[in-house]
Each structure stands twice: as C-alpha cells, then as structure tokens.
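Since the structure comes first, as structure tokens, the remarks are kept for the end.
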Amino acid sequence: MVDLMQKIISLAKRRGFIFQSSEIYGGVEALWDYGPLGALLKNNIRRLWLKRFIQDQEDVVLIDGTVIMHPKTWEASGHLESFTDPLIECKTCHTRYREDQLLKKQCSQCGGKDFTPPRQFNLMFKTFLGPVEDKAHLAYLRPETAQSMFTDFKTVQEAMRLKPPFGIAQTGHCFRNEITTGNFTFRSREFDIAEIEFFVEPGQDEKWFDFWLDRWEKFFFDLGLKKENLRRYEHPKKSLAHYSKRTVDIEYKFPWGFAELAGVANRTDYDLKRHAQFSGRDLSYYDEEKKKKYYPYVIEPTMGLERALLAILCDAYTEVKGGRTETTKSTKETEVILKIDKKIAPIQVAVLPLVRNKPELVKKAKEVFQLLKPYFMCQYDDVGSIGRRYRRGDEVGTIVSIACDFQTLEDNTVTLRDRDSMKQIRVEIPKLKDIIQKILEGEDFFKLGEIIK
Ligand code: GAP
C-alpha cells in the first residue's frame, strides 16, 4: 500500500500534477505546488463545488474574504486558546512530535524514549501588520475560512435580504503550522478549504445536520470516488471541537488507511454569539413573521480541496499488469490509467496526428485542435508512436483521444478513442463537438458511433 502511494507521488511529479514547493532549494516540508495538470484538476473540483452549491441551489451565497482578519477574530473564535496540538520533543535529538500521533513513544530519528512534557502549540501562523513588529501589530493567517462568514453574517444577510435557513460559502487558502506532516499532501501547511456556514433556526439544527451530511457525502460520490472507499465517522462527544455539538467526518480509504476527507459540524450559535460579545455588535436575526429574535445555529459542511484531489488520484489510479494493448502485452509493460471522472478530468481531449512528417495530416490535426479548443480542455501531442501517445493520455486521465489518419484526408473523418474501454468510433469532423459534449455529459460512448476497433 505504501508502494502504491510512492507510485502516485511519482506519477504526480512526473506528469505535472503535484511537486514540492521551491524544490530547487531542497523544498519545504508540507508545502506543495500544483503543476499544469494538478492546477486544472483542483480548479475543476472547485468549479464543480461552486456549481453544485452556489449555482444549482438557491439557499447559499458565496463570499471571498481576506486571509488576514482582525486579530480579535481569533480570540473570539477560540482559536488563540484552543487551536493547539500537544507538542513533545525528544530529549536526545530534539525532534518534535505531536504527542497524540507518536504511538510507540519512541523517536523515529534516534530511537530515544525520553521526551519533554507536552506543551500546547498553537497552529496559527503569525505575521505583523505594517512595519512595526510588536505585539500590537500581531496578526494571523487564517487557519479556516469559516470565521469571515460569521463576522460578515449580518452584512451579507442584509445585503442579500436572506432569511434562515440560508448559507454563506467560501473557498480559499488556509494556513496551519502542522507539527507532524507526511502522507504527501494530506497534512499540508498551506491548503484550500471549501466550506459552507448554513444558518438555521435553533431547534431545526439536528434536522438540517442530517440533510447536509447526506448532501455533502453525495458530492464525493459525484466526484467519482468509489462508494466502498468512503465511510462516516461520528466523533465521540469527548473529542468534539470546542464549538461543536456534533461532528461527523467523511473518511476516505487512502493507501495508508481511512482518514478524514471532509466533515459536517453543528457549530450551534457559538461563533455568532462570541463575535457579538467581542465586537459589541448585535449579530442576532429578527424574524419579522414570527416576531422573534434569535441567534441562528450553524451547520458547517467543510472539506479540503487538496485532500479531495489526493483521494481522486488514489481512487483513479489503475494499473494493468502486462498491459491492455498488443504493444504493451508483448513488452510486458504495466499500463497506468487514471480513471478520473469525466466531470473533472484535467484534459478532456487529446488531438493526435497519426504521424508528424506528413504536412497535410499535421495541418488537419491542428485545424481539429483549433476547432475544439474553445469548448474543451484540449492537448495536442505529436511526439512518439500513436500507441505511446494513447498511453500517455491514459496515464493522466485524458477522456477521449482523436487521431487524424490518412483516411481523414480523404473523407474528413477522425477516430475517437475512449480512455477506459480503448474502443474507437469514426466520426465526421463537423460532428465532433456535439459528440464529445454528449460523452462529457455521460452519454454512452458506444451509442455515439460505429465501433471500428
Ligand atoms: N471550519 C472547520 C474546519 O476548518 P477542519 O476539519 O479543521 O474544519 C476542514 O478542516 C477540512 O480541511 C478537513 O476536512 C480537511 O479536508 C482539510 N484539512 C485540514 N487540515 C488540513 C491540512 N493540514 N492539509 C490539508 N487539508 C487539511
């Protein structure tokens, strides 16, 4: 299983999905750059999330708040006091660990068993606002996007004339100075959260919690993750975060075991009341119809985009030992197919001239590329044999590949190859756009043309 993780890490680097930040200087632990394909994939996950929860629904609005907020925010939210992990240090070699993650109480660097007593280490990154670096100018990089949805609650509710139940959503960069990292991007120090604060009348919260848990979980099914690799984990009461009445994690079966991918929490009226108390502003809601004033309860579905992306890579990674094609079978190569869902695959269409030393064929292939480029994420590839190019596309999850061959010059048709079945149909160039659109919308590839191979 660890071997599988190594293969995924290697593919992610080799094919431009994910690599270490500032690698030429040796990299920085737990900071990752998303390359051309990783950036597209992350964007596609975010776009699907925005479509599902902002465009398709009428009860959630989007905001885009700042990473640095007023320092009082973190006092009110409880992060200054409670957003901590227990830090211990090996007395021999001074390696630091999160106490709850060091199971055998033995240093992995020197084997030492003598540790300092745990001290609470705050995970928020600190910075200073303006040129003076003193306590009065101390500020923090947000560790979650949630807080501006609470501090902006009243302004957004009034501007958009919203009545509970309604949600405010946000996605963006967050920062956590994690003590222990590892497992590739799973525990990064800079990452993106996508989350919703859904404001409801007190007493309605438990019903809405169940509703959001189902809705949130369905999003991961729709990303194409296999149902058997997802499960729910109900947090026991004693391990709940300081603001939570109930939290259920959605866990994914990563190569090293089940771990948190996303979650839904019932944050009660904790945050709004705390911000009201610390700011002196009234953040309650007045229900005109019921003539009732109350602090809404909050249901919070949350997820990390990088964890979703990592789960997608793990879930999609498929090896066929001995190969799927005559060429790979004869060389006993292992073929890799990244079976990423059609809705989010970074490259949708590859355009391939059969050979690159035939100018009419290259010209035709470039015309097809230009024709489709405005509608789909396309890639033009003319390096190596056509078989190698198909396999290169399969390895990064390209949904369909178009080959322009000698017949193309005679009858203006091309072959369209499906990544997962490797079947090919012959299609007239003017019909390509509509047919690819139908494939992306989930229509059966085999019904869209006559199978020729
Ligand atoms: N507002 C609630 C909140 O921030 P969280 O469980 O601490 O809750 C939300 O974080 C999500 O962010 C998690 O479900 C996880 O997917 C992701 N996440 C948390 N810490 C992370 C880290 N160090 N690296 C990558 N993703 C992380």
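Heads up, the sequence shown is in my numbering, so the first residue is 1186 and it goes up one at a time.
Cβ coordinates follow ideal geometry from the N, Cα and C atoms, glycine included.
Quick caveat, the model's predicted, so the values are computed rather than measured.
Sub-8 angstroms separation of His-1460 and Ala-1261 beta-carbons: yes
Within 10 angstroms of the Cβ of Gly-1627, are there 16 or more other Cβ atoms? Answer buried if so, exposed if not. Answer is exposed; the Cβ neighbour count stays below 16.
Under 8 angstroms, do Lys-1616 and Ile-1636 count as touching if we go by C-beta distance? no
Which residues in the same chain have their Cβ closer than 6 angstroms to the Cβ of Glu-1508, if we skip the five residues on either side of it in sequence? According to the sequence provided, residue 1508 is Gly. The question's Glu does not apply to it. Hits under 6 angstroms: Lys-1514, Glu-1518, Glu-1520.
Helix, strand or coil at Gly-1352 [DSSP, three-state]: strand
Following a CB-centred definition, is Thr-1269 positioned closer than 7 angstroms to any heavy atom of the ligand GAP? No, Cβ of Thr-1269 sits at least 7 angstroms from all heavy atoms of the ligand GAP.
Please state the DSSP three-state secondary structure of Pro-1481. Residue state for Pro-1481 is assigned as coil, using DSSP reduced to three classes.
Just the Cα atoms here: how many angstroms apart are Cys-1278 and Arg-1304? 18 angstroms
Under 8 angstroms between the Cβ atoms of His-1264 and Met-1309? yes
Taking the alpha carbon of Thr-1330 as the point to measure from, which residue in Lys-1311, Gly-1357, Lys-1339, Arg-1346 has its own alpha carbon closest? Distances from the alpha-carbon of Thr-1330 to those of Lys-1311, Gly-1357, Lys-1339, Arg-1346 put Gly-1357 closest.
Quick one: does the C-beta of Phe-1405 sit closer than 7 angstroms to a heavy atom of the ligand GAP? It does not: the Cβ of Phe-1405 is nowhere closer than 7 angstroms to a heavy atom of the ligand GAP.
What's the gap between the Cα of Gln-1555 and the Cα of Gly-1212? 38 angstroms
What does a CB cutoff of less than 7 angstroms around Asp-1244 pick up in its chain, not counting 5 residues either side in sequence? Pro-1350, Phe-1351, Gly-1352
Count the other CB atoms, across all protein chains shown, that sit within 10 Å of the CB of Glu-1613; report buried if there are 16 or more and exposed otherwise. exposed
My guess is that Pro-1559 and Ala-1550 are in contact by the Cβ rule of under 8 angstroms, so how many angstroms apart are they, rounded? Rounded, the Cβ-Cβ distance is 17 angstroms, inconsistent with contact.
With burial defined as no fewer than 16 other Cβ atoms inside 10 Å of the residue's Cβ, what is the status of Arg-1374: buried or exposed? buried
Host alpha helix (DSSP H) of Asn-1228 (start-end): 1221–1235
Simplified DSSP assignment, three categories, for Met-1334: helix
Could you tell me the alpha carbon to alpha carbon distance between Leu-1523 and Phe-1238, rounded to whole angstroms? When rounded, the distance between both Cα atoms is 27 angstroms.
Mind checking who Asn-1451 pairs with in its DSSP beta bridge? Arg-1431, Ile-1484
Is the closest heavy atom of the ligand GAP to the C-beta of Ala-1261 under 7 angstroms? no
Indicate, with yes or no, if the ligand GAP has a heavy atom lying under 7 angstroms from the CB of Gly-1634. no
Take Lys-1478 as the anchor and find which of Asp-1395, Tyr-1470, Arg-1577 has the nearest alpha-carbon. Sorting Asp-1395, Tyr-1470, Arg-1577 by C-alpha distance to the C-alpha of Lys-1478 places Tyr-1470 at the top.
Is any heavy atom in the ligand GAP found nearer than 7 angstroms to the beta carbon of Glu-1485? yes
Secondary structure at Arg-1283, three-state DSSP: helix, strand or coil? strand
In the structure shown, what three-state DSSP assignment does His-1671 receive? This structure cannot speak to residue 1671, because the chain is shown only from 1186 to 1638.
At what residue ranges does the segment 1261–1305 contain a whole run of the alpha helix (DSSP H), taking only runs of 4 or more? 1264–1267
Do Ile-1364 and Leu-1287 have their C-beta atoms within less than 8 angstroms of each other? Contact: no.
Alpha carbon to alpha carbon, how far is Asn-1451 from Gly-1465? Give it in angstroms, no decimals. 24 angstroms
Quick one, are the C-beta atoms of Tyr-1437 and Leu-1446 less than 8 angstroms apart? yes
Tell me whether Arg-1492, by its Cβ, gets closer than 7 angstroms to a heavy atom of the ligand GAP. A heavy atom of the ligand GAP is found nearer than 7 angstroms to the CB of Arg-1492.
Going straight from the alpha carbon of Ala-1354 to that of Arg-1431, what length do you get? 20 angstroms
Straight-line Cα distance separating Ile-1620 from Pro-1544: 27 angstroms
Cross-strand partners of Asn-1307 (DSSP beta bridge): Thr-1269
Go through its chain and collect everything with a Cβ distance to Trp-1234's Cβ below 6 angstroms, but skip five positions before and after it. Excluding positions up to five away in sequence, the list reads Ala-1379.
Going by the CB atoms, is the gap between Arg-1231 and Leu-1490 shorter than 8 angstroms? The answer is yes: Cβ separation under 8 angstroms.
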